[in-house]
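First to last, the sequence lines map onto chains A and B.
Heads up: the first sequence at position 335 corresponds to 340 in my numbering, and the numbers run straight through without jumps.
Heads up: the second sequence at position 59 corresponds to 72 in my numbering, and the numbers run straight through without jumps.
The structure appears right after this line, and notes come after that.
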Amino acid sequence: MNCDYSIILEIGETADTGAAEKGAARITASADLSVWHLADGGIVVGDCFSEHEERDGLDTLRMADPVEFMRNFERRYWGRHVVVASGSEPRRTVIYRDPSGMIPCYYRCSEGQVAIGTSAADILQKTRSPASIDWTSVANVLLMPDRRRRESCLEGINEVLPGEMAIIDDHGIHHQLLWNPSHFCGANIECKFEDAVERLRDTFVNVIKTWSARYPRAVISISGGFDSSAIAALASQAGHIGLAHFYTTSPLADERSYAMALADHIFQPIACHLASAAEVDLRANLSRHRPRPSARSFTQVFDRICAAEADVHAADAHFNGGGGDNIFGMLHSAYPLVDEFKQNGLTPALWATARNICVVTGTSLPMVLRQAVRAAWKRDLLVTWPSNGDLLTPYARSLLDQEPHPWLVATGACTPGQKQHVRSVTRATASTDHINIADDRPTIYPLLSRPLVELCLSFPIWFWFSGGHDRALARAAMRPFLPGMVTNRVGKGAFDGFLHQIWTRSRGEIIADLQCGCLASHGLVDPRAIASLEDASNNSLAKPTRILHLHEVEMWCRAWA
Amino acid sequence: MRNVVLKPHVGYCVAGPHLIFLDAERDRYCMLAGRLEAHVRDWATGDIPEPAVIAELVATGLFERAPNSRTASELSSVPRCTRALCGSHSTTDRSPGYWLRFLWACSCLVFFNALRDRLSLRILLTLSGAPRKQNRKPPDPEALISFLDSFSDAALLFPRKDRCLPDALALRAFLAWQAYPSRIVFGVQSEPFQAHCWVQSDNTVLVQDLETVMGFSPILALP
């Protein structure tokens with residue numbers, strides 16, 4: 006198991022004053038996580054990097070006020086980490102999670118203790134609390150799978166969202182955004198395209214070098230798409246890598262030609278594996294030990310293949326291209342046109358951007374212009390989060406939590422395109438805890454590294470659509486490292502066909518589980534809609550990814566019900 | 014000699030574990046029951062079916078007893094696309110010729126978008142090949158690209174999602190106007206089933222990316 010840690014701190018009146026300062030907290034962590042005890046009692050779990058100093062510089066940070074300590078820490082370090090600090094005047098404990106979201110952070114306070122970690126059973130046991138499913142949270146997971154709320158799916162266990170700190174003091178618990186994405190939105194709005202390309206390339210190279218120095222032997226799962234290929238190309242220059250590629254019998258998910266073109270280009274061997282739907286164990290939800298369901302059943306096959314490849318290469322980590330679509334501005338929206346209009350006014354360049362957006366999004370020009378005009382006209386435009394009520398009851402839909410994610414709240418004064426870009430990055434940070442979840446080696450998402458995220462948010466959003474290509478800036482930045490076949494490709498593979506195979510293979514079992522399972526008995530899934538899935542010709546709601554997600558959540562609930 | 018053949022405007026291909034048929038005359042995709050499908054597979058390898066089987070195949074509406082009509086091997090002769098010619102969306106040409114082509118492309122797109130749900134596929138296919146000018150010399154490659162630029166720009170004005178058929182019909186009519194030889198190719202994927210169509214000239218797909226069409230098995234190509 007990777008990313009597994011537990012920190013127990015005494016808090017409140019009964020606490021041994023200065024316990025945390027003396028390092029008296031009880032800490033356990035899996036082998037992939039470094040634990041750093043600071044001189045003043047702070048605890049850092051995970052990896053932290055600074056452009057200007059070694060990690061020893063951490064000890065120079067003063068701990069007198071843990072909130073101030075966290076502010077200083079956040080300014081200096083990036084990586085993947087959770088930091089805990091306590092102070093006595095005023096008495097408070099602060100938990101900070103870095104904005105990449107690569108290390109989950111859950112906690113529960115009880116009877117003078119706070120238990121922090123990733124294992125729900127461990128947190129509940131340490132706080133002597135019973136396990137009880139929060140069905141409102143479960144409904145929200147079903148409605149918005151990629152939106153994280155602070156409330157987990159087990160009552161009493163909360164999550165510190167990426168970039169946030171949880172402050173626990175005599176007044177209770179409150180959360181505060183420490184890393185604010187709006188500080189970076191449009192910070193380089195005057196930048197020229199060519200300069201942006203150079204800066205992105207330099208930062209990308211440095212980020213990969215840093216991760217490769219920390220994990221010198223990495224296995225990279227190459228999808229054949231741009232993002233994972235870019236990571237592989239740069240990582241191959243910085244350390245030892247192993248390349249793995251999965252394909253299926255579905256033509257929708259056979260990208261071997263692209264993966265092999267990349268491997269040839271960087272002179273690395275690649276192992277291509279056929280992923281079989283028969284190897285998926287639908288009964289197992291690999292995130293059952295976590296306080297919320299995050300694991301996808303179809304990735305079990307990929308996890309097994311990656312673990313075997315990692316053994317072959319004696320790798321110490323997996324590198325994954327997740328987050329690329331998000332940070333590289335792959336938006337299905339006309340809002341970038343509004344951003345450009347607000348920045349530059351009515352210029353001929355708007356016409357080119359409008360056309361580029363049409364080409365990238367596959368939307369007609371009238372539609373693009375209509376959405377752009379509406380957005381430009383409207384003050385305080387709210388960028389909403391897409392929700393999916395398919396196969397759910399009206400009761401489940403009524404449980405939707407309307408409170409926006411704190412990152413979206415923070416972007417209130419930003420332009421529409423910037424808001425949507427931030428929302429896209431937010432969604433990516435919610436998907437970092439399910440790949441290789443059972444392996445001992447961690448999965449690193451280099452593209453969600455803070456320097457890259459901040460830089461990508463800073464550029465004019467319309468740059469990402471230049472020339473009618475999505476992720477145009479990144480493509481231009483990586484052109485020297487990648488084969489043209491990968492850099493210039495317009496499509497991308499999808500595992501829809503693989504999911505379809507899993508669904509058709511186990512249709513009866515899945516329907517039976519959903520019809521008489523926990524979700525149905527708590528009134529969340531609609532039994533009639535589930536029954537209609539038995540008709541194979543009924544494709545209106547039968548999206549395999551949706552059905553399998555419902556089933557995965559059902560399996561998680563059964564583990565805790 | 015085989016004594017059963019596919020009807021005109023009917024094509025089939027192997028997609029995943031099944032044979033999928035397209036009957037363009039009746040605008041429908043279909044599969045056959047397992048036993049009949051096995052007979053068709055045998056027939057495709059040269060076996061002559063039993064009379065009872067022939068009767069069943071004819072009853073599907075996909076086959077006919079016409080020994081001199083097309084054969085399965087002719088159908089598989091649709092050349093696989095190996096290159097694509099797309100409009101650039103960044104042409105700077107704004108000559109009267111560009112606007113004339115642009116307006117003609119718009120007209121074709123308006124026409125076929127409006128009629129897609131009102132007329133049968135057979136009539137639409139007939140209409141899209143109608144404005145052919147036999148006495149005109151087909152454009153050279155450079156001129157063809159400027160034609161495709163105009164068409165690509167015009168296509169941006171129209172809904173894009175699930176509009177491959179009206180787009181292909183309009184492009185075919187647009188090119189037929191210039192006596193440029195092309196054909197509409199229908200392709201399918203299985204698991205999950207998806208259908209697509211595009212305009213192809215020899216081994217070149219026009220106004221679409223190669224990657225978009227490569228995942229589809231050609232099922233029928235109509236000149």
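We put the beta carbon where it would ideally sit given N, CA and C, even for glycine.
Exposed or buried, which one is residue i when buried takes at least 16 other CB atoms within 10 Å?
i: A:S142; result: buried
i: A:K131; result: buried
i: A:S91; result: buried
i: A:H179; result: exposed
i: A:S234; result: buried
i: A:F568; result: Nothing about residue 568 of chain A can be read from this structure; chain A reaches only from 6 to 566.
i: A:K27; result: Its pLDDT being 46, under 50, A:K27 is placed unreliably by the model, and nothing is read from it.
i: A:E557; result: buried
i: B:N16; result: exposed
i: A:A541; result: exposed
i: A:C562; result: buried
i: A:E164; result: buried
i: A:G117; result: exposed
i: A:R484; result: exposed
i: A:H410; result: buried
i: A:G394; result: exposed
i: B:A167; result: buried
i: A:T389; result: exposed
i: A:S137; result: exposed
i: B:D130; result: exposed
i: B:D55; result: exposed
Quick one: what does DSSP say residue i is sitting in, helix, strand or coil?
i: A:D52; result: strand
i: A:E260; result: coil
i: A:I552; result: helix
i: A:Y400; result: helix
i: B:Q207; result: strand
i: A:M170; result: strand
i: B:V226; result: helix
i: B:D36; result: strand
i: A:G502; result: helix
i: B:L128; result: helix
i: A:Q5; result: For chain A, the structure presents residues 6 to 566; residue 5 of chain A sits outside this window and is missing.
i: A:Y82; result: coil
i: B:F171; result: coil
i: A:A40; result: It is worth fixing the name first, because residue 40 of chain A is Val in this sequence and not Ala. The answer is strand: DSSP assigns A:V40 an E or B state.
For a quick check, are the C-beta atoms of residue i and residue j less than 7 Å apart?
i: A:A12; j: A:A30; result: Correcting the residue type first, residue 12 of chain A is Ile in the shown sequence and not Ala. Cβ atoms of A:I12 and A:A30: closer than 7 Å.
i: B:F164; j: B:A118; result: yes
i: B:V198; j: B:W190; result: no
i: A:A120; j: A:I128; result: yes
i: A:A401; j: A:L529; result: yes
i: A:P567; j: B:Q202; result: Residue 567 of chain A lies beyond the stretch modelled for chain A, which goes from 6 to 566, so this question has no answer here.
i: A:N290; j: A:M560; result: yes
i: A:A34; j: A:Y10; result: yes
i: A:L248; j: A:A223; result: no
i: B:T217; j: B:R96; result: yes
i: A:A240; j: A:I246; result: yes
i: A:I173; j: A:T98; result: yes
i: A:D151; j: A:A435; result: yes
Could you tell me which residues DSSP pairs with residue i in its beta bridges?
i: B:I197; result: B:V212 and B:L235
i: A:D293; result: With the sequence shown as reference, residue 293 of chain A is identified as Arg, and Asp is not the correct amino acid for it. BP columns for A:R293 are empty, so no partner.
i: A:I449; result: A:F324
i: B:L219; result: B:L98 and B:V212
i: A:E15; result: A:Q118
i: A:I178; result: A:I173
i: A:H572; result: Examination of residue 572 of chain A is not possible in this model, given that chain A is present from 6 through 566 alone.
i: B:F115; result: Its beta-bridge partners do not exist; DSSP assigns none.
Could you please tell me which residues of the segment 481-506 of chain A, in chain order, have their CB closer than 8 Å to any CB of chain B?
-> R494, V495, G496, D501, G502, H505 and Q506
Cβ-based contacts, 7 Å cut-off: residues of the segment 160-174 of chain B near chain A = L169, L170, F171, P172, R173 and K174
What residues from the segment 199-221 of chain B come within 9 Å of chain C, judged by C-beta to C-beta, listed N to C?
-> This model lacks chain C altogether; the protein chains it does include are A and B.
When you check each C-beta in the segment 259-292 of chain A against every C-beta of chain B, which residues fall closer than 8 Å?
-> none
Where the segment 225-259 of chain A meets chain B: residues whose CB sits under 9 Å from a CB there = T254, S255, P256, L257 and D259
Report the residues of the segment 364-379 of chain A with a CB closer than 9 Å to any CB of chain B, ordered along the chain.
-> V364, T366, G367, T368, S369, L370, P371, M372 and V373
Closer than 7 Å, Cβ to any Cβ of chain B: which residues of the segment 351-362 of chain A, in chain order?
-> R360
Mind listing which residues of the segment 223-234 of chain B have their C-beta closer than 7 Å to chain A's C-betas, in chain order?
-> E224, T225 and G228
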